[in-house]
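These protein sequence lines are chains A and B, in that order.
Heads up, the first sequence is in the numbering used here, so the first residue is 1 and it goes up one at a time.
Heads up, the second sequence is in the numbering used here, so the first residue is 350 and it goes up one at a time.
Ideal Cβ positions, reconstructed from N, Cα and C, are used throughout, including at glycine.
Keep in mind that this is a model prediction, so the values were computed, not measured.
A quick write-up on the structure given underneath.
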Amino acid sequence: MTSRPGADRAQADGPLIRVAGLVKSFPLRRPWAATLRHPLQRSRIEVLRGVSLEVQRGEFFGLLGPNGAGKTTLFKILATLILPEAGTVEVAGIDALQRPDAVRELLTPVIADERSLNWRLTGIENLLLYAALYGVSTAERQTTVRRLLDTVGLTDAADRMVGTYSSGMKQRLLIARALLSRPSVLLLDEPTRSLDPVSARDFRRFLREEVAGRQGCTVMLATHDADEALELCDRLAVLHRGRLVAQGTARELAAVAGEHRYRIVVPEDKASTALALLSGQGHPGFAVAAADSADGWVSVEGDLPGGATASAELLRQLGTAELPVAEFARIPMPLADLIERLVQRGEQP
Amino acid sequence: MSKILALISAQWRVAMSYRLQTLVSFGGLVFTVVPLFFIAQAVQPVMENAIRTEGGNAFGFLLVGTIALLLVTTALSVIPSALASGIGSGTLEALLSTPTPMPTLLVGISAFPLVMATLRAGVLLAGGWLLGVSIAPASLPLALVILAVIVLAHAAIGLISGAMVLAFRTAGPLSRLVLIASSLLGGVYFPTHVIPSWLRAVSEVLPLSYGLRALRRVLLQGASIHDVAPDFLILLGETALLLGLGVGSFSFAFRYARRQGTLAQY
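What follows is the structure, encoded as structure tokens:
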């Protein structure tokens, strides 16, 4: 591969993907009885409600949210398979709604569905077909396909029918297929959902090191696995019921979510004194955590709003009250909890 | 062209992976052409007068009708079947995600079944020739042109059914109705002028009626393009109209499916 089909037309500066005010709803299937009673009535379900986001060149961007959040719909709009009702989508400055063909040269969705491969063809035959469809020249096709098979570790299985591949191998072949066009942007929709934990870990390493690293792709990853997103992504966006409830780095999201969780280790017999002091200082949410108190110490955990200033003040108060403290530490909130909190915030009117 | 060839090549490899099925699809033609020969011998005295303007030989008449019907059946079903199976298997979404124009994709997915049907038609014709059907070799190029227009007219109807698949997940009854009407009233097994007058109106709108009449006269009687011009021109006109309808309805359905979000939903 000597050229990158869409790269020439890609804008050099500004965000690579810019989505603004995206709205999409789908018709809701009604029961037969309701359809017969009111044949002209139409019900729709809103899937995206004014979603706006930007993805920078070279970024590994995670789209998080529970099932039905709108992640797949957003991806399909980016892949030009679905038209939105309102809003704009630009990829490298190209309007995806006006020029879908041009956008398909820059952006490739990895269809995670293994069935989208032709199981009666070998791995190499599958890739040769798509190499032609992605416009790889006849002269370069064999070399490109062989190199990609090597990249995804499928050289030995290249001449085997895809129907005999394991799920992990098929996922790797799907990635290789998407990389044929040397896309500027790769869209990955829950790529590890059918992989066992070990294969999923290897696959994530492959995405980080090969796809984002060596291939230099900008990657958008839709997942509901918070740990996966944390491991892979530079920035995250949380989508819930079609609304973008937050976006930023994991640290920024924690700041958006507000409270930080703290652990204070005090003598077991002083736990009630500590809790009373904390409550008096305006932190009633603290409680004794389920912990081993065999050595006479117990953990008290809770949210402490106010950042470093508030925690320093609390530590001073504990000292003033002559309460022995073995440990005073901020507990990093698991991303899953953080997302749950952001989603809950999104549900509030 | 390279994309179309790649799609044909992939389908060829898939077909070759089902070896027995491929062998049976060609070997089975013996069980079409031989019974047809004996049936034709039996009905020759009854049909002779009626088919005088279309070769006068019952076996030749039935053989050409069978060949045309084989190609018409494929042309009607190839696009809706390929789309429905692509939606069901998930391959359509993958194909649509590539920077391949829709007309190229449609030609690519329908070319291989049509090539195979043409090969089977060739085998049938060769079988008929071995069993005594008289075909003028000089008439073959014109016969192929007429056959191609017949296929194009029915592929356009298939395109409308394909539009139905994209929009509503079902091809609907159109292709089936056209196939039934064409096989019964399009002159496949008997000439259209023997059809009762109250049914003839249906026969007269079918592209196959005109196509088959022209095809038989060219292939079995050695007629020239001038001789078959009236039928051929009507066939061309109907084909142009159907292509317009097919392309229009498919474009509309494609946009509708993108709006409804059902393009790759099975």
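Distance between beta carbons of residue j and residue i, contact taken as under 8 Å
{"i": "G93 of chain A", "j": "G14 of chain A", "result": "7 Å"}
{"i": "L534 of chain B", "j": "L515 of chain B", "result": "29 Å between Cβ atoms; not a contact."}
{"i": "T191 of chain A", "j": "F203 of chain A", "result": "Looking at the sequence provided, one finds Pro at residue 191 of chain A rather than Thr. Right, the Cβ-Cβ distance comes to about 7 Å (below 8 Å), so this counts as a contact."}
{"i": "L74 of chain A", "j": "V51 of chain A", "result": "6 Å"}
{"i": "T72 of chain A", "j": "A96 of chain A", "result": "Not confirmed; about 16 Å, so no contact."}
{"i": "I357 of chain B", "j": "A460 of chain B", "result": "5 Å"}
{"i": "L314 of chain A", "j": "Q344 of chain A", "result": "The Cβ separation is near 25 Å, so there is no contact."}
{"i": "L244 of chain A", "j": "L53 of chain A", "result": "6 Å"}
{"i": "I499 of chain B", "j": "V421 of chain B", "result": "7 Å"}
Residue from the options with nearest C-alpha to residue i
{"i": "F387 of chain B", "options": "B:A475, B:A399 and B:L412", "result": "B:L412"}
{"i": "S366 of chain B", "options": "A:L304, A:D225, A:V162 and A:R99", "result": "A:V162"}
{"i": "A563 of chain B", "options": "B:L493, B:F461, B:G477 and B:P545", "result": "B:L493"}
{"i": "G87 of chain A", "options": "A:E228, A:R30, A:R49 and A:L275", "result": "A:R49"}
{"i": "I77 of chain A", "options": "A:I331, A:T35, A:V103 and A:Q56", "result": "A:V103"}
{"i": "L154 of chain A", "options": "A:G135, A:V136, A:L174 and A:L22", "result": "A:L174"}
{"i": "R469 of chain B", "options": "B:E397, B:T423 and B:L501", "result": "B:T423"}
{"i": "L616 of chain B", "options": "B:T588, B:L528, B:P429 and B:I529", "result": "The structure shown does not extend to residue 616 of chain B, since chain B is modelled only from 350 through 615, so no value can be given for it."}
{"i": "G296 of chain A", "options": "A:G285, A:T320, A:Q281 and A:A271", "result": "A:A271"}
{"i": "L187 of chain A", "options": "A:V211, A:V219 and A:A157", "result": "A:V219"}
{"i": "D576 of chain B", "options": "B:L592, B:L479, B:Y559 and B:L591", "result": "B:Y559"}
{"i": "G593 of chain B", "options": "B:G437, B:S438, B:L557 and B:L508", "result": "B:L508"}
{"i": "V152 of chain A", "options": "A:G319, A:L275, A:R18 and A:L179", "result": "A:L179"}
{"i": "L304 of chain A", "options": "A:P324, A:E322, A:P332 and A:A321", "result": "A:P332"}
{"i": "E59 of chain A", "options": "A:N118, A:A229 and A:T273", "result": "A:A229"}
{"i": "G68 of chain A", "options": "A:L278, A:G319, A:L239 and A:A287", "result": "A:L239"}
{"i": "E90 of chain A", "options": "A:A20, A:L36, A:A326 and A:L127", "result": "A:A20"}
{"i": "Q609 of chain B", "options": "B:R518, B:G597 and B:A578", "result": "B:R518"}
Minimum Cβ-Cβ distance from residue i to chain A less than 8 Å
{"i": "V577 of chain B", "result": "no"}
{"i": "E553 of chain B", "result": "no"}
{"i": "L612 of chain B", "result": "yes"}
{"i": "Q609 of chain B", "result": "yes"}
{"i": "T402 of chain B", "result": "no"}
{"i": "E397 of chain B", "result": "no"}
{"i": "S438 of chain B", "result": "yes"}
{"i": "R566 of chain B", "result": "no"}
{"i": "L445 of chain B", "result": "yes"}
{"i": "S351 of chain B", "result": "yes"}
{"i": "T519 of chain B", "result": "no"}
{"i": "P616 of chain B", "result": "In this structure chain B extends from 350 to 615, so residue 616 of chain B is not present and cannot be described."}
{"i": "A424 of chain B", "result": "no"}
{"i": "E442 of chain B", "result": "yes"}
{"i": "A487 of chain B", "result": "no"}
{"i": "A492 of chain B", "result": "no"}
{"i": "A460 of chain B", "result": "no"}
{"i": "A355 of chain B", "result": "yes"}
{"i": "A359 of chain B", "result": "yes"}
Residue-chain proximity (residue i, chain B), Cβ-Cβ < 8 Å
{"i": "T108 of chain A", "result": "yes"}
{"i": "A7 of chain A", "result": "Any answer about A7 of chain A is weak, because its pLDDT of 41 lies below 50 and its placement is not dependable; what the coordinates show is given next. Not closer than 8 Å to any Cβ of chain B, the Cβ of A7 of chain A fails to qualify, so no."}
{"i": "Y165 of chain A", "result": "no"}
{"i": "T192 of chain A", "result": "no"}
{"i": "D113 of chain A", "result": "yes"}
{"i": "L63 of chain A", "result": "no"}
{"i": "D101 of chain A", "result": "yes"}
{"i": "S184 of chain A", "result": "no"}
{"i": "T351 of chain A", "result": "The first residue shown for chain A is 1 and the last is 349, placing residue 351 of chain A beyond what the model contains."}
{"i": "R4 of chain A", "result": "No answer about R4 of chain A holds up, because its pLDDT of 39 lies below 50 and its placement is not dependable."}
{"i": "L221 of chain A", "result": "no"}
{"i": "S311 of chain A", "result": "no"}
{"i": "R104 of chain A", "result": "yes"}
{"i": "A10 of chain A", "result": "Confidence in A10 of chain A is poor, its pLDDT being 44 and thus under 50, which makes the residue's placement too unreliable to answer from."}
Neighbour flag for residue i against chain E, beta carbons, 8 Å
{"i": "A602 of chain B", "result": "No chain E appears in this structure, whose protein chains are A and B."}
Contact test: residue i Cβ vs the ligand MN heavy atom, cutoff 7 Å
{"i": "V298 of chain A", "result": "Among the components modelled here there is no ligand, and therefore nothing to report on the ligand MN."}
(Q) If we require 3 or more residues per run, which beta strand (DSSP E) segments fall completely within the stretch 41-110 of chain A? (A) Here the runs fully enclosed are 44-55, 60-64, 86-91 and 107-110.
Q. What alpha helix (DSSP H) runs, 4 residues minimum, are completely inside the stretch 450-483 of chain B?
A. Secondary structure remark: continuous alpha helix (DSSP H) runs of at least 4 residues inside the stretch 450-483 of chain B, in chain order: 451-479.
Q.
Which complete beta strand (DSSP E) runs does the stretch 218-273 of chain A hold, if anything under 3 residues is left out?
A. Taking 3 residues as the shortest admissible run, the stretch 218-273 of chain A contains the following complete beta strand (DSSP E) segments, listed from N- to C-terminal end: 218-223, 235-240, 243-248 and 260-267.
Q. Considering only residues of the stretch 351-394 of chain B, which uninterrupted alpha helix (DSSP H) runs meet the minimum length of 4 residues and lie entirely inside it, listed in chain order?
A. For the stretch 351-394 of chain B, whole alpha helix (DSSP H) runs of length 4 or above, ordered along the chain, are 351-366 and 368-376.
Q.
List, from N- to C-terminal side, the alpha helix (DSSP H) runs of 4 residues or more that fit wholly inside the stretch 155-204 of chain A.
A. Whole alpha helix (DSSP H) segments, 4+ residues: 167-179.
Q) Mind listing which residues of the stretch 23-42 of chain A have their C-beta closer than 7 Å to chain B's C-betas, in chain order? A) In summary, the residues of the stretch 23-42 of chain A whose CB is separated from some CB of chain B by less than 7 Å are F26 and P27, in the order they occur in the chain.
Q | Members of the stretch 362-382 of chain B near chain A, C-beta cut-off 7 Å | A | Listed in sequence order: R362, V363 and S366.
Q.
What are the residues in the stretch 123-136 of chain A lying within 9 Å of chain B by C-beta distance?
A. Listed in sequence order: E125, N126, L128, L129, Y130, A131, A132, L133, Y134 and G135.
Q: Return the chain-ordered ranges of every beta strand (DSSP E) run that is complete within the stretch 297-336 of chain A and spans a minimum of 3 residues.
A: Correct list: 297-304 and 327-331.
Q. Residues in the stretch 512-538 of chain B with C-beta within 9 Å of chain A's C-beta atoms, listed in sequence order?
A. Correct list: empty, as no residue qualifies.
Q) Going along the stretch 138-150 of chain A in order, which residues come within less than 8 Å of chain B, judged by CB to CB distance? A) Within the stretch 138-150 of chain A, the qualifying residues are T138.
Q | Contacting positions in the stretch 80-100 of chain A - beta carbon closer than 7 Å to chain B | A | So the list reads L81, I82 and L83, given in the order they occur along the chain.
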